[in-house]
Each structure stands twice: as C-alpha cells, then as structure tokens.
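Under UniProt numbering, the first residue of the sequence shown carries the number 1, and numbering increases by one thereafter.
Below: one structure, written as structure tokens.
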Amino acid sequence: MEDLSKYTSMIRLRMGSHDAHYAGDLVDGAKMLNLFGDVATELLIRSDGDEGLFVAYDNVQFMAPVFAGDYIEATGRIVSMGKTSRKMEFEARKVISPAKIAGQVSAADVLDEPVVVCKASGTCVVPADFQRVKR
1 MEDLSKYTSM IRLRMGSHDA HYAGDLVDGA KMLNLFGDVA TELLIRSDGD
51 EGLFVAYDNV QFMAPVFAGD YIEATGRIVS MGKTSRKMEF EARKVISPAK
101 IAGQVSAADV LDEPVVVCKA SGTCVVPADF QRVKR
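Following this line, the structure appears as structure tokens:
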C-alpha cells in the first residue's frame, strides 16, 4: 500500500483589495475554493505527473471571515487513491491580519494561533492514459 503522507501541498498568499467582494473588505468564500483548486493541481502533479481534473467537492465549510490584507495558508493532502480518482482534504487558515491601527494602515499582526477559515474535501481525477507515475 502506498504511503499517501508524501502527497501534501501548501500555498500562502495575501488577500488584496481586488479580492474583496463585499462591504467591509470581505473576501468572497469562493476565493478559498480557488486556492484549494491550485493546491489540488500541485497534489496531482506530485502524485501523477499531470494536472488532472477537479470533479467535485463533497463538503465545504466556511468557518470564519476573510478580509483584504489577511494572509491565508491553504493546505491539502491526498487521503485515498483509486485507479484514476484522488480523494483530497483541504484547510485554509488565516495567519496574518491587518492590525487596524488608526493612522498606521500598513500595520499587521502575526496571529498567535492560525484561524481556520475554510475546510473542504473533494475528488479529482487523472485519466489513466495521462498518469505518468505508474504504481
């Protein structure tokens, strides 16, 4: 049985004002799914040598708001592998937030504890003919 613990990925990026979709600089939750899609792509390249296709999310939980200026770490891992399917789990955590100090708009704080903002699981597929890593 293959050790799936080697198939993990993490990306970190700052939410900019262009990501804010709602009043108060609130970022659309779909942005987290966009990040998970990028994480899934890396996972498939690592596991199969091909970007594959995201088929479906089977669970998505938005757990805390994300605002422009927040730094988000999105992680993912492959939890099971079929002949062509790859079941994955994802988590997005806020690790830095604007300090919101009057007169100091560039101030930011590294959070003592990351805040989980979204969790999801889903399935991707790499067609057998496209798999470059043979098991």
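Where is the CB? At the ideal position from N, CA and C, for every residue including glycine.
Straight-line gap, residue i to residue j (C-alpha atoms, nearest Å)
i, j, result
"S47", "V117", "27 angstroms"
"G52", "S85", "9 angstroms"
"G69", "A23", "14 angstroms"
"I101", "G29", "26 angstroms"
"K6", "L26", "34 angstroms"
"S80", "Q104", "47 angstroms"
"E113", "D129", "43 angstroms"
"H21", "P127", "36 angstroms"
"L4", "Q61", "24 angstroms"
"T41", "D109", "30 angstroms"
"E73", "A99", "18 angstroms"
"G76", "K119", "10 angstroms"
"K33", "T8", "Note on residue identity: the sequence assigns Leu, not Lys, to residue 33. Between L33 and T8, the C-alpha separation is close to 17 angstroms."
Beta-carbon contacts of residue i that lie in its chain and below 6 angstroms, excluding the five residues immediately before and after
i, result
"V115", "A64, K94"
"S17", "A68"
Residue closest to residue i, alpha-carbon to alpha-carbon, out of the options
i, options, result
"F36", "F67, L13, G82, V105", "L13"
"S106", "V27, T84, I96", "I96"
"Q131", "A40, H18, K119, G49", "G49"
"V125", "S9, T8, G82, A92", "G82"
"D19", "K31, T8, S9", "K31"
"M15", "N34, V39, V66", "V66"
"V133", "I45, G76, D38", "I45"
Cβ neighbours of residue i in the same chain (closer than 7 angstroms, five flanking residues each side left out)
i, result
"G122", "F54, A56, Y57, D58, M88"
Whole-number beta carbon distance between residue j and residue i, since they are thought to touch under 8 angstroms
i, j, result
"I11", "L43", "So it is not a contact: roughly 11 angstroms between Cβ atoms."
heavy atom of the ligand SAH below 8 angstroms from residue i C-beta
i, result
"L33", "Looking at this structure, you won't find the ligand SAH or any other ligand, since it has none at all."
Same chain, Cβ closer than 8 angstroms to residue i, five either side skipped, listed in chain order
i, result
"L111", "K94, V95, I96, S97"
Output the residue ranges of the beta strand (DSSP E) runs that lie fully inside the UniProt domain "Thioesterase" (29-94) and measure 3 residues or longer, sorted by chain position.
53-62, 71-81
In chain order, each beta strand (DSSP E) run of at least 3 residues that lies wholly inside the region 96-126
108-125
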